[in-house]
Amino acid sequence: MVGRGGAGGGGSAGGGGGVRVVVAGASGTVGRLVVGELVGAGCYVRALTRDPRAAVRAGVGGVLVRADFGDRASLERALAGMEALLLITSDPLRPDHDERVLEAAVRAGVGHVVKVSALAVTDAGAGDVITCWQRVCEQRVRECGLAWTVLRPRAFMSKALAWAPSVRERGVVRAVYGSSVNACVDPGDVAAVAARVLTTPGHGGRCYELTGPGPVCAREQTRVLARVLGRALRFEEMGVEEAWRLWRGRYPEPYARALLESAERQRAGAKAGVSAGVRQVTGRAPAGFADWARRHARFFG
Ligand SMILES: NC(=O)c1ccc[n+]([C@@H]2O[C@H](COP(=O)([O-])OP(=O)(O)OC[C@H]3O[C@@H](n4cnc5c(N)ncnc54)[C@H](OP(=O)(O)O)[C@@H]3O)[C@@H](O)[C@H]2O)c1
70 MVGRGGAGGG GSAGGGGGVR VVVAGASGTV GRLVVGELVG AGCYVRALTR
120 DPRAAVRAGV GGVLVRADFG DRASLERALA GMEALLLITS DPLRPDHDER
170 VLEAAVRAGV GHVVKVSALA VTDAGAGDVI TCWQRVCEQR VRECGLAWTV
220 LRPRAFMSKA LAWAPSVRER GVVRAVYGSS VNACVDPGDV AAVAARVLTT
270 PGHGGRCYEL TGPGPVCARE QTRVLARVLG RALRFEEMGV EEAWRLWRGR
320 YPEPYARALL ESAERQRAGA KAGVSAGVRQ VTGRAPAGFA DWARRHARFF
370 G
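Numbering-wise, the numbering used here puts 284 at position 215 of the sequence shown, and it's gapless, one number per residue.
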């Protein structure tokens with residue numbers, strides 16, 4: 070255990086004070102929000118990270134614990150004596166990461182594992198490497214012998230942060246298939262659901278599908294951002310070849326190919342459906358993209 074990070078958060082987890090929770094992936098988009106919710110609700114939270122100093126600088130709360138998904142001993146130390154695990158991993162080319170964290174959870178006798186997966190697993194037409202990885206990881210969680218819950222979010226609204234530099238510098242949003250829609254979800258809602266599921270009874274053996282309130286396309290998101298920022302923005306459609314070159318420059322080939330397949334499925338309408346998971350668990354409606362944009366306007370200048 071290497072110290073305590075920044076302040077907790079909203080405290081909306083509800084009724085779960087005192088639960089001892091390990092958050093794997095605690096410095097990431099969803100993990101840090103969950104840590105904030107749980108700390109605010111009075112839980113003891115071990116926030117796993119490979120780099121506690123960076124996590125402190127980034128304001129990640131909870132008790133920061135150095136652990137690596139590739140290092141069994143660090144995971145066993147982190148899980149010892151804990152009651153619940155939020156499992157967030159991020160590398161589709163390392164399915165062993167989920168396996169190792171789960172093994173440590175089983176050895177520690179953790180009472181409940183909550184896994185962040187992806188809604189694409191329910192799409193029979195999705196056979197890309199990211200979706201296949203999540204299907205295998207889900208199966209492992211269901212078969213590990215511990216009580217489990219799976220969260221299946223649609224794309225995070227925070228993906229729009231990738232547009233922030235070009236919005237700030239040139240007033241431009243560039244994306245592939247700009248008219249194709251996605252019922253994207255606010256990561257804050259995913260975190261609120263995770264916190265609730267980790268701290269209240271009745272969620273064992275359940276899968277929750279998490280979307281925003283309605284499908285939205287990149288062109289519409291550009292219009293919303295422009296309204297929120299109070300200035301004109303232009304949308305530019307990115308060609309598929311350009312998107313491929315961009316992703317290929319950033320990611321390993323199978324991952325880049327998965328992003329391309331995912332964009333094609335979105336164009337075909339596979340990601341438009343809305344589900345009731347956020348309301349079902351939290352009792353309130355999911356946030357729309359305009360809500361998310363208002364809370365993140367500072368990143369767009
Ligand atoms: N992005 C989307 O639109 C979307 C949509 C649906 C589902 N999902 C799913 O959501 C999950 C990702 O959630 P996220 O975006 O909140 O995560 P994220 O921002 O990618 O962060 C993941 C965290 O995992 C930690 N990590 C990575 N490798 C590690 C290792 N070897 N050992 C220990 N920690 C490690 C990193 O922490 P440190 O660097 O501090 O160690 C990182 O902060 C994935 O399973 C993804 O499939 C994402």
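The beta-carbon is built from N, C-alpha and C at its ideal position, and this holds for glycine as well.
Rounded to whole angstroms, what's the CA-CA distance from residue i to residue j? Just pull it up for me.
| i | j | result |
| --- | --- | --- |
| Gly131 | Gly308 | 43 Å |
| Ser227 | Val285 | 13 Å |
| Arg317 | Ala177 | 40 Å |
| Glu145 | Ala174 | 8 Å |
| Gly180 | Leu215 | 6 Å |
| Leu156 | Glu305 | 37 Å |
| Arg169 | Asp140 | 8 Å |
| Val99 | Pro256 | 6 Å |
| Ala187 | Met151 | 25 Å |
| Gln335 | Val90 | 35 Å |
| Val103 | Ala95 | 8 Å |
| Glu333 | Gly87 | 45 Å |
| Pro121 | Val293 | 36 Å |
| Arg363 | Val297 | 6 Å |
| Glu311 | Ala356 | 32 Å |
| Pro321 | Ala231 | 19 Å |
| Leu171 | Glu212 | 10 Å |
| Ala337 | Ala244 | 16 Å |
| Ala341 | Ala142 | 42 Å |
| Arg119 | Arg319 | 22 Å |
| Arg378 | Ser235 | Nothing about residue 378 can be read from this structure; the chain reaches only from 70 to 370. |
| Glu278 | Ala354 | 14 Å |
Cβ of residue i within 7 Å of any heavy atom in ligand 1?
| i | result |
| --- | --- |
| Pro323 | no |
| Asp258 | no |
| Thr280 | no |
| Leu328 | no |
| Phe225 | yes |
| Asp165 | no |
| Gly342 | no |
| Arg319 | no |
| Thr158 | yes |
| Val236 | no |
| Gly139 | yes |
| Pro284 | no |
| Asp255 | no |
| Leu230 | no |
| Gly131 | no |
| Pro270 | no |
Taking only beta-carbon atoms, is residue i less than 8 Å away from chain D?
| i | result |
| --- | --- |
| Ala301 | Looking for chain D here will not work: only one protein chain is present. |
If you drop the 5 nearest sequence neighbours on each side, which residues of the same chain put their C-beta closer than 6 Å to that of residue i?
| i | result |
| --- | --- |
| Val108 | Gly77, Val114, Gly130, Gly131 |
| Ala189 | Ala195, Thr200 |
| Ala123 | none |
| Asp197 | Ala327, Glu330 |
| Gly273 | Ala216 |
| Pro323 | Val198 |
Enumerate in chain order the residues of its own chain whose CB-to-CB distance from residue i is below 8 Å, with the five nearest sequence positions on each side excluded.
| i | result |
| --- | --- |
| Arg367 | none |
| Arg300 | Gly240 |
| Asp360 | Asp255 |
| Val343 | Ala252, Thr280, Gly281, Pro282, Gly283, Pro284 |
| Gly97 | Ile157, Ser159 |
On a CA-only basis, which of the options is nearest residue i? Give me that one, please.
| i | options | result |
| --- | --- | --- |
| Ala287 | Glu168, Trp313, Gly247, Gly271 | Gly247 |
| Pro270 | Asp258, Val236, Thr218 | Thr218 |
| Val241 | Phe369, Val92, Val103, Val104 | Phe369 |
| Leu117 | Asp137, Arg126, Asp258 | Asp137 |
| Ser159 | Ala93, Ala142, Arg135, Val259 | Ala93 |
| Gly111 | Glu212, Thr268, Pro323, Pro321 | Thr268 |
| Val183 | Arg265, Ser331, Pro355 | Arg265 |
| Val259 | Gly274, Ala325, Gly281, Trp232 | Gly281 |
| Val185 | Arg237, Cys276, Arg119 | Cys276 |
| Ala153 | Tyr324, Ala325, Ala263, Pro234 | Ala263 |
| Leu302 | Val125, Glu238, Leu148 | Glu238 |
| His365 | Val125, Ala295, Val134, Tyr324 | Ala295 |
Excluding five sequence neighbours on each side, which residues of the same chain lie with their C-beta closer than 7 Å to the C-beta of residue i?
| i | result |
| --- | --- |
| Ala339 | Asp192, Gly194 |
| Gln290 | Ala229, Phe358 |
| Ala233 | Phe368, Phe369 |
For ligand 3, any of its heavy atoms closer than 7 Å to the Cβ of residue i?
| i | result |
| --- | --- |
| Asp120 | With respect to ligand 3, the structure offers nothing, as its ligand set consists of ligand 1. |
Review point. Is there contact between the segment 342-349 and the segment 205-217, where contact requires at least three CB pairs shorter than 8 Å?
Key: no
Check your understanding: Is the segment 157-169 in contact with the segment 185-203, if contact means three or more CB pairs nearer than 8 Å?
Key -> yes
Practice item. Could you tell me whether the segment 244-258 touches the segment 218-225, where touching means 3 or more Cβ pairs closer than 8 Å? Key: yes
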